[in-house]
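Peer 1:
There are 4 protein chains.
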Amino acid sequence: MVHVTILKFPISSPADTSPLDRLKAIGTETDDILAVVGKTEGNGCVNDFSRTLASAVWTPLLPKTAITIFSGGTEGVLSPHVTFVLRHHEYTGLMAEVMHTERIEPHNLGTLLQAEQVERATRRAQAAMRSNVADGSELCTNLVLVKCPLLTSTQIERLRMGGMPLRTTDTYESMAISRHASALGVAWALGEAASPDLRGFVQGRDIEAIRAKKLDEVACSRASCSSGAELDDCHILVLATSVNDPRYAVQKAISGVMEDAIDAKSVMALLKQIEDEEGEVIQVFAKAEADPRGHIRDQRHTMNTDSDIHSTRHARAAVGGLLAGLVGDTEIYVSGGAEGQGPPGGGSLCIVYAVGL
Amino acid sequence: MVHVTILKFPISSPADTSPLDRLKAIGTETDDILAVVGKTEGNGCVNDFSRTLASAVWTPLLPKTAITIFSGGTEGVLSPHVTFVLRHHEYTGLMAEVMHTERIEPHNLGTLLQAEQVERATRRAQAAMRSNVADGSELCTNLVLVKCPLLTSTQIERLRMGGMPLRTTDTYESMAISRHASALGVAWALGEAASPDLRGFVQGRDIEAIRAKKLDEVACSRASCSSGAELDDCHILVLATSVNDPRYAVQKAISGVMEDAIDAKSVMALLKQIEDEEGEVIQVFAKAEADPRGHIRDQRHTMNTDSDIHSTRHARAAVGGLLAGLVGDTEIYVSGGAEGQGPPGGGSLCIVYAVGL
Amino acid sequence: MVHVTILKFPISSPADTSPLDRLKAIGTETDDILAVVGKTEGNGCVNDFSRTLASAVWTPLLPKTAITIFSGGTEGVLSPHVTFVLRHHEYTGLMAEVMHTERIEPHNLGTLLQAEQVERATRRAQAAMRSNVADGSELCTNLVLVKCPLLTSTQIERLRMGGMPLRTTDTYESMAISRHASALGVAWALGEAASPDLRGFVQGRDIEAIRAKKLDEVACSRASCSSGAELDDCHILVLATSVNDPRYAVQKAISGVMEDAIDAKSVMALLKQIEDEEGEVIQVFAKAEADPRGHIRDQRHTMNTDSDIHSTRHARAAVGGLLAGLVGDTEIYVSGGAEGQGPPGGGSLCIVYAVGL
Amino acid sequence: MVHVTILKFPISSPADTSPLDRLKAIGTETDDILAVVGKTEGNGCVNDFSRTLASAVWTPLLPKTAITIFSGGTEGVLSPHVTFVLRHHEYTGLMAEVMHTERIEPHNLGTLLQAEQVERATRRAQAAMRSNVADGSELCTNLVLVKCPLLTSTQIERLRMGGMPLRTTDTYESMAISRHASALGVAWALGEAASPDLRGFVQGRDIEAIRAKKLDEVACSRASCSSGAELDDCHILVLATSVNDPRYAVQKAISGVMEDAIDAKSVMALLKQIEDEEGEVIQVFAKAEADPRGHIRDQRHTMNTDSDIHSTRHARAAVGGLLAGLVGDTEIYVSGGAEGQGPPGGGSLCIVYAVGL
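Protein chains in written order, with the working numbering: chain F, 1278 to 1634; chain E, 1278 to 1634; chain B, 1278 to 1634; chain D, 1278 to 1634.
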């Protein structure tokens, strides 16, 4: 069974694993942990050792089958915390599956090979979930969280020395192309960018070309991808709603997108729907980015010309501020860099909520 | 007459004075400019030369009686722009007055002497406004915007060499104590912290002591203070609503506070009131800060432990993101560092809106 | 005549033009200013308004024929200052010429067209200088300082909207490709990369390709290029030594390169030569960069993986610290980003010194 | 026996413990490790999780008696590495002892109680070393490395809530006062600030007062203190030279100070002395700081007005650049924030070198 519930706890530092004690205190076994998804307080960029630290302290304490996804950056009001995805032995309404890709070789980072790895792993996860669902019921994929590698300067130099193709020589930029390739893979798995033409287009050209010119054609509204130096494969968490018996559901998920970084309206529409079901928000998963066009609703922003703070940090702070205000909670998952994950300048959005309280 | 209207325009850089052309194009004389209040795209901290640049290019083009208030920092979604406060020759419902204090000597920065200077100038401005109001009508002060100096390392060294008292040796911290002293002055002028006991308390102790221990006793809900190296006196703009004849009002202001950095509820309440009057938001003036207690609604934030980005930058990004989302506009005035300007962790808030459209 | 002397003064802020008063106090006319070369205290990156501010306050005070070159970034021990290049009415031993290119259109930034513009302007400057030198004497070009444009996010978006070719979508990266193209132009003008093959190679491929693969083949040891948003053409200063009559020389220049960022040996060799001539260092012009290979003498550096501080800032701080220590002076011109300006990881170096004191 | 040798290895990340394998490969037992002193690539400030990560991965692998001292910040050319202090079973000429203080309670951070704790622990270490030295021989203390705690915003809030005295509300500033108190303790232990008057002065007033006014009276030329969030007591390493039989020495240490951040002369004098002994530099331990007076040799620096990069980062980059250039090695220990550790604006300096090669 892959029915799950979601639960979150604050952490006092990236090295704080005390939420495990709190889990035990409420009678949950460590073995039931499918995934730990955390927001840690580093810069969320290349040299974010808060992610590596969290990885290092959590991994030995988790079941081998569990995955970790640590996203750095709690700019502004955001509060460091971990979200557990916990196997439940009864029907909950919420389902999950976790998966690894193979190792992504540095020279394949940000290419079609990475996209295809992510696509395959996502499909495997979905298949596994479907096999657990009663006949005739429908499965709605709400969120595919991906943690993927980046390029360090050591790896870039090795590629250069070896005469290997280099997608970028900029370590920060490598995070973006890795997220983008992962998002494409999710899009294909979910059939959001399934047109054979588009795939032909992609194969013939270059992801970079898509990024520059076709910003809005290959976005996936359910993908949320985050890069890091703390892993060399991709970790994938698929979250879905089983809609066969809503009467007994205890947790549900709802998905949407923010059209731009100030799109309060879309968020409020989802919250209204939850309110109508008398639901209670448990967790928000959102992607955020500085609009690559340099403006939001025709008003210039300065996130892409600020050489002191990277744009992903700006975007997390701003979108985090908006979402935290709307849900009244700062322990939310807002991740920066939304290439192909929702509309350009906006981002994918998924809210998990409790029902039947 | 000091009836005014408020109008804002985007700027393409801190050196962009083209909004003057746009003013002229709509038939407004430069002579009618009472104040230029701008958000420029620097770091909003000590070495923010975007403010100095804006000051340098705007001042020669303005009437001698006009003041400039440039607040640096357009983190996140915020968009660089200038707001004009324009003298109107007929009743508008909105009134304004501008004032300078005397030069604040470096050794007086952040002390009671600065607070008293600001208090006196604010009272003078209010008196001038009242003298222009018809008998029997009431004047409601909505906002006192203050631009005040800071300490550079050169000034700090001169004070040290001269054996002068030093409130701080940290240039960034000098911005905070300057804002705080200004806010106290406004509080006294507006009667928000008028208890003689409190003043005695302040005189006997030290503003620092208040800051550490009595966070919530001396806050002023109408003050919005910002520090900069580009001036050595304080520039003061008082904005008020004349309520004698609401029927003919074209612009109005409404004030409140954000209780904390995610207080969407208070903002939405003000917006609701504007909506009920069929008003249209022209400009939002908000103060923002990282809660000095290190948490928001019992959830830890990391703005005060981030040694890469100063907390005022975080706060502007987050609160700017929330406000821009709620009003659907990124050209808003969000200023960082709200010591004594609204509740600790929150900030003062004033919205100017058009009515009778 | 274009004989010049060089003189430098501290500035108290980017807006400080008081060195002009000091010039007048020693009897030098403003009309004799050929160039003002300054180090200002911004971040030296895209949003460095200290450069724009210096430009704005200095330009109106200078003769129309003079150029300004402001390089941002006084990280570490570096001290903000301006260096005057002053026309001298007698033989000095040091010669200079200044030149502008045409406007570099945004879509040409970092391309061969920019390189060729710089090449032509540099050749024009050299020709002008040679025409002033007595027959039979030799002219040794010591330094070609170039200030060139960058791409803002507004320009990038316009190019994208217009379907124009985009060398980069990253504003900080645009600084690097602009410097690199300028350096190539200087190399061609000086005959340092004159092989027709190489030019063919360059034309056939892309500057980016050279940058990635042929790091050391197109470096120019006399070029020092710096990008900024404060101009849209290139400003060029050529500094040369006239060697026809060394007996009467009062100022001389000597050139070399730093092989890497810690190459004290090369610096000390030049200083030894100056000492042997009983000279006194007036000014050091150095380029610095983070080795693109990620290591210095096989030891890893972290400048290219630090997402909090751009590598140009690191490089200026480190090389500035070394040079300031070796010459005992912190008012030196150290500029970051040495693409094609000296060996990869190192940079061009020129020292102007007084003789015959 | 506490005779030691010193050996250093590069690390590929803060989590890299492979130098242990290299130790084993040359036949050294882990049990012989007295201390691991590392430079890791975080920001060296409050939220430097590279230090915490290194601590977390190294501590379980070391003997219980060993201490770790991780100093963050490899700005500029500095290269991440670890230095082992290894117990040697024969006479080496170099001696060491490690010690812990008791836990420093947050309300005692930066006070005389911390200073006295460090003093006592340093004296204990020295006594232990002396007991191992043959009669009649002399012991020269070259370096006292201290790793001491800082205040997080959570601790600051707890102190405030509890009505406890607060030395500072600024987490970055807490690092400085902790280093300063530790340096005082070392000074007293070494008799460098032994005058009873001075101690009286200190007790009567406040370390802050000394810091502001008496910058140069309580400096200790042998102290090198560094703060971090990864520990709550102080870790102390004392390094000394036993001078009873220089003939058989294999490693030696030499101490001095840099008078300011560009004091190449003092460094070169020490290097000359090593060269005269035909020694070979193994490791440099240096402290660096932005001159608190805002200038170096009467030339203004901007490290204390840069709100984007903390002054300790600037100082490490600049002094690291100078030292790496002079010794031709980037794997050196340069630590930022030299309050009371050498002359103001300068810093303590110790070089360990091999002899008799």
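A virtual CB, placed ideally from N, CA and C, is assigned to each residue, including glycine.
Please list, in chain order, the chain D residues whose beta carbon lies closer than 9 angstroms to that of residue 1586/B.
Peer 2: What residue 1586/B touches in chain D: 1320, 1352, 1585, 1586, 1590, 1594.
Peer 1: Could you name the residues of chain E that residue 1357/B contacts, counting a contact when the two beta carbons are closer than 7 angstroms?
Peer 2: None at all; the shortest Cβ gap to chain E is about 11 angstroms.
Peer 1: Round the Cβ separation of residue 1372/D and residue 1398/D to the nearest angstrom and send it over; I've been treating them as touching at under 8 angstroms.
Peer 2: Rounded, the Cβ-Cβ distance is 17 angstroms, inconsistent with contact.
Peer 1: Can you list, in chain order, the residues of the region 1323 to 1339 of chain D whose Cβ is nearer than 7 angstroms to any Cβ on chain F?
Peer 2: So the list reads 1324, 1326, 1327, 1329, 1330, 1333, 1334, given in the order they occur along the chain.
Peer 1: Rounded to whole angstroms, how far is the Cβ of residue 1456/E from the Cβ of residue 1616/E, which I believe are closer than 8 angstroms?
Peer 2: Right, the Cβ-Cβ distance comes to about 5 angstroms (below 8 angstroms), so this counts as a contact.
Peer 1: What three-state label does DSSP hand residue 1625/F in the structure shown?
Peer 2: Reduced to three states, the DSSP call for residue 1625/F is strand.
Peer 1: To which residues does DSSP link residue 1372/E through a beta bridge?
Peer 2: Answer is 1280/E, 1517/E.
Peer 1: Tell me, please, whether the CB atom of residue 1291/B is closer than 8 angstroms to any CB atom in chain E?
Peer 2: Output row for residue 1291/B: interface = yes.
Peer 1: State the Cα-Cα distance for the pair residue 1427/D and residue 1506/D, rounded to the nearest angstrom.
Peer 2: Roughly 6 angstroms separates the two Cα atoms.
Peer 1: What does residue 1450/B touch in chain F if you count any residue whose Cβ is under 9 angstroms from its own?
Peer 2: Those within 9 angstroms of residue 1450/B in chain F are 1447, 1450.
Peer 1: Taking 7 angstroms as the limit between beta carbons, can you name the residues of its chain near residue 1453/F, skipping five residues before and five after?
Peer 2: Only 1614, 1616 meet the Cβ criterion.
Peer 1: Does any residue of chain D bring its CB to less than 8 angstroms from the CB of residue 1578/B?
Peer 2: Judged by the 8 angstroms Cβ criterion, residue 1578/B is in contact with chain D.
Peer 1: Candidates 1281/E, 1361/E, 1323/E: which alpha carbon is nearest residue 1288/E's?
Peer 2: When each option's Cα is compared against that of residue 1288/E, the closest is 1361/E.
Peer 1: Would you check if the region 1428 to 1445 of chain B and the region 1585 to 1605 of chain F touch, i.e. whether three or more CB-CB distances between them fall below 8 angstroms?
Peer 2: With the cut-off at 8 angstroms, the region 1585 to 1605 of chain F and the region 1428 to 1445 of chain B do not touch.
Peer 1: Give the range of the alpha helix (DSSP H) segment to which residue 1607/E is assigned.
Peer 2: Element bounds for residue 1607/E: n/a, residue is neither H nor E.
Peer 1: Give me the Cα-Cα distance between residue 1385/E and residue 1421/E, rounded to the nearest whole angstrom.
Peer 2: Roughly 21 angstroms between the two C-alpha positions.
Peer 1: Could one say the Cβ of residue 1282/F lies closer than 8 angstroms to chain D's Cβ atoms, at least one of them?
Peer 2: So no, residue 1282/F is outside the interface.
Peer 1: With DSSP run on the structure shown, which of helix, strand or coil describes residue 1630/D?
Peer 2: Residue state, collapsed to three classes: strand.
Peer 1: Mapping DSSP to helix, strand and coil, what is residue 1535/F?
Peer 2: Strand, per DSSP.
Peer 1: Please name the residue in 1612/B, 1547/B, 1540/B, 1513/B whose C-alpha comes closest to that of residue 1629/B.
Peer 2: Answer by Cα proximity: 1547/B.
Peer 1: Look up residue 1287/B in the DSSP assignment and give the residues it is bridged to.
Peer 2: Partner(s): 1358/B.
Peer 1: CB-CB under 8 angstroms to residue 1297/B, same chain, minus the five flanking residues each way: which ones, in chain order?
Peer 2: For residue 1297/B, where only same-chain residues beyond five positions count, the Cβ hits under 8 angstroms are 1307, 1338.
Peer 1: Can you pull the DSSP bridge partners for residue 1315/B?
Peer 2: According to DSSP, residue 1315/B bridges with 1347/B, 1359/B.
Peer 1: Per the contact definition of three or more C-beta pairs closer than 8 angstroms, is the region 1316 to 1335 of chain D in contact with the region 1554 to 1562 of chain B?
Peer 2: Taking 8 angstroms as the limit for Cβ pairs, the verdict is that the region 1316 to 1335 of chain D does not touch the region 1554 to 1562 of chain B.
Peer 1: According to DSSP, simplified to helix, strand and coil, what is residue 1528/F?
Peer 2: Reduced to three states, the DSSP call for residue 1528/F is strand.
Peer 1: Is any beta-carbon of chain B found at less than 8 angstroms from that of residue 1381/F?
Peer 2: No, residue 1381/F does not count as interfacial toward chain B.
Peer 1: By Cβ distance below 6 angstroms, which residues in the same chain neighbour residue 1465/D in space, the five residues on each side in sequence not counted?
Peer 2: So the qualifying residues of the chain are 1396.
Peer 1: Could you name the residues that DSSP lists as bridge partners for residue 1410/D?
Peer 2: For residue 1410/D, which the question treats as bridged, DSSP gives no partner whatsoever.
Peer 1: Taking residue 1608/D as the query, report the chain B residues whose CB atoms sit under 7 angstroms from its CB, ordered along the chain.
Peer 2: Going along chain B in sequence order, the residues near residue 1608/D (Cβ under 7 angstroms) are 1576.
Peer 1: Span of the beta strand (DSSP E) holding residue 1423/E?
Peer 2: Counting along the chain, the beta strand (DSSP E) containing residue 1423/E begins and ends at 1416 to 1425.
Peer 1: Who pairs with residue 1558/D in a beta bridge, going by DSSP?
Peer 2: Residue 1558/D pairs with 1630/D.
Peer 1: So what's residue 1328/D in DSSP terms, helix, strand or just coil?
Peer 2: In this structure, residue 1328/D counts as helix in the three-state DSSP scheme.
Peer 1: Once the 5 residues before and after residue 1343/E are set aside, which same chain residues still bring their CB inside 8 angstroms of it?
Peer 2: These residues qualify, in order along the chain: 1310, 1311, 1312, 1313, 1375.
Peer 1: Listed in chain order, which residues of the region 1426 to 1438 of chain F have Cβ atoms closer than 8 angstroms to some Cβ of chain D?
Peer 2: Going along the region 1426 to 1438 of chain F in chain order, one finds 1431 with a Cβ nearer than 8 angstroms to chain D.
Peer 1: Measure from the C-beta of residue 1570/E to each C-beta in chain D and report whether the shortest distance is under 8 angstroms.
Peer 2: Taking Cβ atoms only, chain D reaches closer than 8 angstroms to residue 1570/E, which makes this a yes.
Peer 1: Would you mind working out which of 1604/F, 1554/F, 1549/F, 1584/F sits nearest residue 1540/E, comparing C-alpha positions?
Peer 2: Closest option to residue 1540/E, Cα to Cα, is 1604/F.
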